[in-house]
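> The listed protein sequences correspond, in order, to chains A and B.
Number 24 in numbering that gives the first Met the number 0 belongs to position 25 of the first sequence; there are no gaps in the numbering.
Number 101 in numbering that gives the first Met the number 0 belongs to position 102 of the second sequence; there are no gaps in the numbering.
Cβ coordinates follow ideal geometry from the N, Cα and C atoms, glycine included.
No experiment lies behind these values; they were computed from the predicted model shown.
Dumping the structure here so I can ask a few things about it.
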Amino acid sequence: MKRVCAAVIFLALVVWLLPAGSWADEKMLMMATTTSTDNTGLLDYLAPKFKDATGIELKWTATGTGKALKLGENCDVDILMVHAPPAEKKFVADGFGVDRREIMYNDFVIIGPASDPAGIKGKSIKDVLTVIKSKQAVFVSRGDNSGTHKKELSLWRAADLPVPEKESWYVQTGQGMLTTINVASERNGYTMTDRGTYIKYESNLKGNPPLKTLVEGDAVLLNQYSVIAIDKKHCAKAKYDTAKQFTGWITGPEAQQLIKDFKLLGKPLFTPNANM
Amino acid sequence: MDFILEGFVQALHLLAGGNPETYSAIWVTVRVSSYSIGCSLLMGVPLGFCLGYFDFSGKRPLRTVVDTLMALPTVFIGLLVYAFITHRGPLGNFGLLFTLPGIAIGQTILALPIIIGLSATAVESMDPKLRVTIMSMGANRRQLFISSLWEARHGLLAGAIAAYGRVMTEVGISMMVGGNIKWHTRTITTAIALETNKGQFGMGVALGLVLLAIAFGVNISVSFLRRRI
């Protein structure tokens with residue numbers, strides 16, 4: 000009798016512990032995205048509004064763009080929201096994704112200690128990197144194959160400089176943007192960040208951070224975000240129709256306005272540009 | 000430094016104020032770790048018993064293998080499990096990626112060697128005369144097994160607690176396989192990682208304290224149980 004009781008309790012426990020709702024639920028969309036859209040709180044802000052508009056629940060996993068693209072290639076998600084245009088175009092050309100739509104942008108900025116020990120303030124990107132290299136000023140890199148990291152590597156190449164690797168002044172964190180900014184702050188060094196994450200960092204420190212924006216506005220520093228649906232021909236199980244609904248919504252006037260209104264410390268983090 | 004103190008205050012706020020995100024993470028953590036510890040006990044105790052009780056050729060090397068597996072890094076398990084359950088992997092059709100059962104598979108792999116190893120040690124360190132005594136009382140094989148397990152209960156419990164602690168506090172598997180999805184697979188540890196990435200150190204400390212509080216609760220109940228039996 001005792002054992003029967005125990006078995007019944009055990010079974011009840013198993014059923015109770017099993018997850019409710021299954022993966023195949025049509026009213027759910029799985030997205031892989033970059034750390035900046037998550038860390039700034041943009042997706043926390045958009046997801047409930049998307050659910051109100053369409054009844055679809057948005058679930059997302061935030062990693063660097065490199066891994067997000069890999070998750071898409073492996074059919075683990077239905078849609079991507081990423082920011083590395085050359086890699087995205089290759090992803091589409093390789094037949095993994097379709098319907099790539101640009102949705103918003105912000106820009107990258109180079110930040111560093113207010114005292115600016117290497118004197119880079121206001122210089123062009125090419126000069127900034129040359130000076131940092133020659134003065135061996137501490138530069139903190141993401142080093143994680145993310146969109147920001149890919150951008151940084153392209154800037155070194157565009158400046159005709161070898162990409163630093165083992166140099167003692169070049170620190171590769173392999174972590175997210177805010178962590179990387181904190182490392183730069185601890186090491187009193189420079190780093191490149193998207194403006195959205197920088198504003199989030201400013202707001203965390205109540206508007207008075209030790210690292211200041213030193214270089215901004217160069218055309219090469221544009222940071223474009225796009226969404227890409229996973230191609231049904233590549234992944235039979237990808238929810239292409241649901242993904243299409245999301246793309247339609249995020250590029251539509253309502254969501255574009257929401258992105259425009261998303262502010263921290265009174266500053267907008269992203270500029271919508273789906274219809275440009 | 001401020002954020003440590005801030006974390007203490009915030010931890011109280013989160014728990015007392017019924018913060019839904021925190022309770023969701025606690026719930027996920029408790030659910031998935033109970034699941035994996037249940038599975039690994041079911042498999043691990045009998046295997047550990049056999050490993051400790053019987054003498055067979057190759058027993059020493061097998062022990063060494065089990066002991067080595069106790070040091071499996073969680074990110075490595077996460078990567079292995081991901082490779083199997085990604086939608087293009089061999090088990091892709093089950094749709095286990097980004098789900099709690101997916102995490103539970105990984106955590107079971109993490110806990111199993113600990114349960115097997117510590118169960119085997121508990122059985123080995125039993126008084127060798129016990130077997131003769133039980134047999135002389137006319138026990139059959141099944142009764143012998145049950146009574147030996149009962150005699151080793153404190154060692155088994157210690158193994159279960161060690162494994163539970165490891166499972167509940169791991170972050171590699173939950174992050175890799177679960178994806179840290181809000182309301183679904185966000186555990187306390189992945190939430191701490193996220194809050195730290197967001198620069199919300201106070202919140203991270205608060206969640207860490209919450210995790211410690213749960214561990215404290217589990218250990219209190221276990222030590223209560225131990226005094227009773």
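#1: Measure the C-alpha to C-alpha separation of E20 (chain B) and G171 (chain B) and round it to an integer number of angstroms.
#2: Report yes if the C-beta distance between V29 (chain B) and A103 (chain B) is below 8 Å; otherwise report no.
#3: Just to confirm, are N105 (chain A) and L210 (chain A) a CB contact at a threshold of 8 Å?
#4: Provide the residue(s) that pair with Y169 (chain A) in DSSP beta bridges, ordered along the chain.
#5: Which residues mark the beginning and the end of the alpha helix (DSSP H) in which T67 (chain B) is found?
#6: For a contact defined as C-beta to C-beta under 9 Å, what are the partners of R87 (chain B) on chain D?
#7: At the level of alpha carbons, what is the spacing between K120 (chain A) and L152 (chain A)?
#8: Against chain A, with Cβ distances strictly below 8 Å, would H153 (chain B) count as a contact?
#9: Run through the DSSP bridge pairs and tell me what D106 (chain A) is partnered with.
#10: Quick check: is the beta carbon of I180 (chain B) nearer than 8 Å to any beta carbon in chain A?
#11: Can you check whether the CB of G201 (chain B) is closer than 8 Å to the CB of I191 (chain B)?
#12: Are I133 (chain B) and S146 (chain B) touching if we call contact CB-CB under 8 Å?
#13: With DSSP as the reference, label D1 (chain B) as helix, strand or coil.
#14: So, is G20 (chain A) buried or exposed, given that buried needs 16 or more other C-beta atoms within 10 angstroms?
#15: Could you spell out the range, first to last residue, of the beta strand (DSSP E) harbouring M136 (chain B)?
#16: Using 8 Å as the Cβ pair cut-off and three pairs as the minimum, do the stretch 36-54 of chain A and the stretch 255-262 of chain A touch?
#17: Here's a check: name, in chain order, each residue in its chain whose Cβ is nearer than 6 Å to the Cβ of W22 (chain A), leaving out the five neighbours to either side.
#18: Where G51 (chain B) and D66 (chain B) are concerned, what is the direct C-alpha to C-alpha distance, given to the nearest angstrom?
#19: V127 (chain A) and I109 (chain A): beta carbons closer than 8 Å?
#20: Using CA atoms only, rank isn't needed, just tell me which of B:A161, B:G91, B:R130 is closest to T109 (chain B).
#21: Which of the residues in the stretch 163-193 of chain B, read from start to end, lie with their CB under 7 Å from any CB of chain A?
#22: With a threshold of 8 Å between beta-carbons, can F97 (chain B) be considered close to chain A, or not?
#23: Look at the alpha carbon of G199 (chain B) and the alpha carbon of D115 (chain A), and state the distance between them as a whole number of angstroms.
#24: Rounded to the nearest angstrom, how far is the Cβ of E101 (chain A) from that of N272 (chain A), given a contact under 8 Å?
#25: Take K243 (chain A) as the anchor and find which of A:M176, A:T36, A:T53 has the nearest alpha-carbon.
#26: S202 (chain A): which of A:N38, A:V137, A:P252, A:G118 sits nearest, CA to CA?
#27: Just to confirm my understanding: we take K26 (chain A), look at its own chain, exclude 5 residues before and 5 after, and list those with CB closer than 7 Å. What are they?
#28: For S173 (chain B), does the count of other Cβ atoms within 10 angstroms reach 16, so buried, or fall short, so exposed?
#29: Run down chain A in chain order and give the residues with a C-beta less than 9 Å from the C-beta of N196 (chain B).
#30: Does any residue of chain B bring its CB to less than 8 Å from the CB of Y311 (chain A)?
#31: Look up I227 (chain A) in the DSSP assignment and say whether it is helix, strand or coil.
The short version:
#1: Position 21 of the second sequence, counting from 1, holds the residue named residue 20 (chain B). Position 172 of the second sequence, counting from 1, holds the residue named residue 171 (chain B). If I take the Cα positions, the gap works out to 21 Å.
#2: Numbered from its first residue, the second sequence carries residue 29 (chain B) at position 30. Numbered from its first residue, the second sequence carries residue 103 (chain B) at position 104. Taking the C-beta atoms as reference points, A103 (chain B) is found no nearer than 8 Å to V29 (chain B).
#3: Here residue 105 (chain A) corresponds to residue number 106 of the first sequence, with the count starting at 1. Here residue 210 (chain A) corresponds to residue number 211 of the first sequence, with the count starting at 1. In this structure, L210 (chain A) does not lie closer than 8 Å to N105 (chain A) by Cβ.
#4: As a working mapping, residue 169 (chain A) is identified with position 170 in the first sequence. DSSP lists A:F138 as the beta-bridge partner residues of Y169 (chain A).
#5: Stepping through the second sequence from its first residue, residue 67 (chain B) is reached at position 68. Looking at the DSSP string, the run of the alpha helix (DSSP H) that includes T67 (chain B) is 58-68.
#6: In the structure shown, chain D does not exist; the protein chains are A and B.
#7: Working through the first sequence from its first residue, we reach residue 120 (chain A) at position 121. Working through the first sequence from its first residue, we reach residue 152 (chain A) at position 153. The straight-line gap from Cα to Cα measures roughly 20 Å.
#8: Locating residue 153 (chain B) in the second sequence gives position 154, where the first residue counts as 1. By this cut-off, H153 (chain B) is not an interface position.
#9: Mapped onto the first sequence, residue 106 (chain A) falls at position 107. A:L221.
#10: Sequence index remark: in the second sequence, residue 180 (chain B) carries index 181 (1-based). For I180 (chain B), the answer is yes, since a Cβ of chain A falls inside 8 Å of its Cβ.
#11: Mapped onto the second sequence, residue 191 (chain B) falls at position 192. Mapped onto the second sequence, residue 201 (chain B) falls at position 202. Between I191 (chain B) and G201 (chain B), the gap from beta carbon to beta carbon reaches 8 Å or more.
#12: By one-based count along the second sequence, residue 133 (chain B) stands at place 134. By one-based count along the second sequence, residue 146 (chain B) stands at place 147. With respect to the 8 Å criterion, I133 (chain B) and S146 (chain B) are classified as neighbours on the basis of their beta carbons.
#13: To locate residue 1 (chain B), count along the second sequence from 1; it is residue 2. Note: D1 (chain B) maps to helix in three-state DSSP.
#14: Position 21 of the first sequence, counted from the start, is the residue given in the question as residue 20 (chain A). Only weak support is given to the placement of G20 (chain A): the predicted model assigns it a pLDDT of 45, under 50, and the value that follows is read from those uncertain coordinates. Exposed is the call here.
#15: The sequence position of residue 136 (chain B) within the second sequence is 137, counting from 1. No beta strand (DSSP E) holds M136 (chain B); DSSP gives it neither H nor E.
#16: The answer is yes - the stretch 255-262 of chain A touches the stretch 36-54 of chain A, with three or more Cβ pairs under 8 Å.
#17: Taking the first residue of the first sequence as position 1, residue 22 (chain A) is located at position 23. Any reading at W22 (chain A) is ruled out, since the residue's pLDDT is 47, under 50, leaving its predicted position unreliable.
#18: In the second sequence, counting from the first residue as 1, residue 51 (chain B) sits at position 52. In the second sequence, counting from the first residue as 1, residue 66 (chain B) sits at position 67. If you take the alpha carbons of G51 (chain B) and D66 (chain B), they lie about 13 Å apart.
#19: Looking up residue 127 (chain A) in the first sequence gives position 128. Looking up residue 109 (chain A) in the first sequence gives position 110. Cβ atoms of V127 (chain A) and I109 (chain A): closer than 8 Å.
#20: As a position in the second sequence, residue 109 (chain B) is number 110, starting the count at 1. For clarity, residue 109 (chain B) is Leu in the given sequence; the question names Thr instead. Checking every option, the nearest Cα to that of L109 (chain B) belongs to B:A161.
#21: Listed by position, the residues of the stretch 163-193 of chain B near chain A (Cβ gap below 7 Å) are G178, N179, I180, H183.
#22: For this step, residue 97 (chain B) is matched to residue 98 along the second sequence. Chain A, which has a Cβ nearer than 8 Å to the Cβ of F97 (chain B), makes this yes.
#23: Taking the second sequence and counting its residues from 1, one reaches residue 199 (chain B) at position 200. Taking the first sequence and counting its residues from 1, one reaches residue 115 (chain A) at position 116. The sequence as given places Gln at residue 199 (chain B); Gly does not occur at that position. D115 (chain A) has its alpha-carbon roughly 26 Å from the corresponding atom of Q199 (chain B).
#24: Numbered from its first residue, the first sequence carries residue 101 (chain A) at position 102. Numbered from its first residue, the first sequence carries residue 272 (chain A) at position 273. Confirmed, Cβ separation roughly 6 Å.
#25: Along the first sequence, read from residue 1 onward, the residue named residue 243 (chain A) stands at position 244. The shortest Cα separation from K243 (chain A) among A:M176, A:T36, A:T53 belongs to A:T53.
#26: One-based indexing of the first sequence puts residue 202 (chain A) at position 203. It is A:N38.
#27: If you number the first sequence from 1, residue 26 (chain A) lands on position 27. Once the five neighbours on either side are set aside, the close Cβ partners of K26 (chain A) are G54, I55, E56.
#28: Here residue 173 (chain B) is taken as the residue at index 174 of the second sequence, counted from 1. By the 10 Å Cβ count, S173 (chain B) comes out buried.
#29: If you number the second sequence from 1, residue 196 (chain B) lands on position 197. Those are T34, D37, N38, A61, Q174, G175, M176, L177, T178, listed as they occur along chain A.
#30: In the structure as shown, chain A starts at 0 and stops at 275, and residue 311 (chain A) therefore has no counterpart that could be examined.
#31: Here residue 227 (chain A) refers to the residue found at position 228 when the first sequence is read from its first residue. Note: I227 (chain A) maps to strand in three-state DSSP.
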